[in-house]
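Worksheet: the structure to be examined is printed underneath.
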Amino acid sequence: MKTSFSLFLAFFNLLHSSHADLGFQIGIGSPILNDDQLNCISNKDNLYLIVPAYDPSGQVDSNGIQTLTNTFDLEGLGVYPYITPCFSNCQNGLISATDQIHSALDAIVGIGGSIEFGYINVGSSQPWPSDQKKNQQFIIDMFIAAAKSPYYFSFGIMTSYSSWSTIVGMNFNLSSIPGSGFNITTSDLLWVNWNGVQPSIHQFAGGITSDSCVPGVNVAYNFFPNDGFKKINQNKEAKSKIHRNKRRGKSH
2 MKTSFSLFLA
12 FFNLLHSSHA
22 DLGFQIGIGS
32 PILNDDQLNC
42 ISNKDNLYLI
52 VPAYDPSGQV
62 DSNGIQTLTN
72 TFDLEGLGVY
82 PYITPCFSNC
92 QNGLISATDQ
102 IHSALDAIVG
112 IGGSIEFGYI
122 NVGSSQPWPS
132 DQKKNQQFII
142 DMFIAAAKSP
152 YYFSFGIMTS
162 YSSWSTIVGM
172 NFNLSSIPGS
182 GFNITTSDLL
192 WVNWNGVQPS
202 IHQFAGGITS
212 DSCVPGVNVA
222 YNFFPNDGFK
232 KINQNKEAKS
242 KIHRNKRRGK
252 SH
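Next comes the structure, spelled out in structure tokens:
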């Protein structure tokens with residue numbers, strides 16, 4: 002089945018809410034998490050786990066892929082991989098956005114399971130080029146590659162307002178990407194300063210290395226305010242249906 006294309010922006014702000022679904026993000030370059038560690042994370046009432054699957058050094062994150070595999074027997078914990086692009090001196094020699102998406106998806110889908118959604122990490126902590134136009138095209142190429150892949154997989158973008166503004170410019174909204182099956186406008190860009198819509202994800206603590214479940218591992222604590230992830234899934238399913246129908250030549 003062809004990939005369904007979907008875009009949702011996850012914005013990490015230093016906020017907290019008493020009405021939220023809690024989540025746990027594993028940092029880049031982390032070790033494999035074992036069953037005891039994953040059960041500990043789940044038992045802390047976390048409802049989702051975000052795991053690195055592609056490293057900015059330019060290679061599949063084999064530790065992250067094994068951690069994803071180790072989550073298969075967990076119940077009640079949503080698990081989502083994220084990809085951090087490489088731009089120079091890539092260890093696997095893959096420089097293009099297309100090749101990196103293919104490499105990441107081959108690894109993610111290759112382990113089996115039911116993972117169908119992940120994130121592309123657009124963060125200023127990584128050495129993105131200074132040319133915003135080239136960065137815009139790189140992101141577009143990643144989504145086109147995902148849309149044309151043989152896998153049924155959807156991506157969102159994991160970023161912040163400042164990172165997005167610096168890397169691609171605050172007015173870049175990924176509208177009318179060829180092959181996407183639908184347009185993405187500013188109504189889909191969930192920055193509070195743009196349209197009053199709450200971000201899909203907040204980060205309220207980052208760079209934590211003292212978590213009792215995974216001591217020494219770099220993690221971040223996130224939350225989905227007001228059933229934010231439920232809305233993400235509903236939106237993803239609706240847009241996936243539009244995408245599939247357009248591929249079949251149907252109207253919506």
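All residue numbers for the sequence shown refer to my numbering, where the first residue is 2 and numbers rise by one. Yeah, the Cβ is synthetic: ideal placement off N, Cα and C, and Gly gets one too.
### Query
Thinking C-alpha only, which one of Leu106, Ser97 and Ile121 is nearest Ser115?
Leu106
#### Entry: Rounded C-alpha distance that separates Ile29 from Ala108
16 Å
### Task
Please list, in chain order, all residues of the same chain as Asn93 whose beta carbon is under 7 Å from its beta carbon, the five residues on each side excluded.
Gly59, Gln60 and Ser104
### Task
Using the Cα positions of Trp192 and Tyr162, report the straight-line distance between them to the nearest angstrom.
In this predicted model, Trp192 has a pLDDT of only 35, less than 50, meaning its place in the structure is not dependable enough to derive any value.
### 8 Å contact criterion, which Asn223 and Gly24 should meet: CB distance rounded
4 Å
### Task
Output the boundary residues of the alpha helix (DSSP H) element that contains Ser164.
Tyr162 to Ile168
### Query
Is the distance from the Cβ of Ile84 to the Cβ of Ala147 below 7 Å?
no
### Task
Entirely within the region 36 to 75 and at least 3 residues each: give me those beta strand (DSSP E) ranges in chain order.
47 to 56
### Query
Tell me, which residues are paired with Phe156 by DSSP?
Gly119
### Task
Determine, using beta carbons only, whether Pro82 and Val123 come nearer to each other than 7 Å.
no
### Message
My output table needs one value for Gly24: the three-state DSSP class, helix, strand or coil.
### Response
strand
### Query
When you compare each of Val110, Thr99 and Ser43 to Asp142 by their alpha carbons, which one comes out closest?
Thr99
### Query
Thinking C-beta only, is Ala221 closer than 7 Å to Gln67?
no
### Task
Please list, in chain order, all residues of the same chain as Pro57 whose beta carbon is under 6 Å from its beta carbon, the five residues on each side excluded.
Thr85, Cys87 and Gln127
### Query
Under 7 Å between the Cβ atoms of Ile42 and Cys214?
yes
### Task
Compute the beta-carbon to beta-carbon distance between Met171 and Ile121, rounded to the nearest angstrom, for a pair I have assumed lies under 8 Å.
Between Ile121 and Met171 the Cβ distance is about 18 Å, and since that is not below 8 Å, they are no contact.
### Query
Under a three-way DSSP split, which group does Tyr224 fall into?
First, the amino acid is wrong: residue 224 is Phe here, not Tyr. In this structure, Phe224 counts as strand in the three-state DSSP scheme.
### Message
By the three-class DSSP mapping on this structure, what secondary structure does Gly111 have?
### Response
helix
### Query
Which partner residues of Val80 appear in the DSSP bridge assignment?
Leu50
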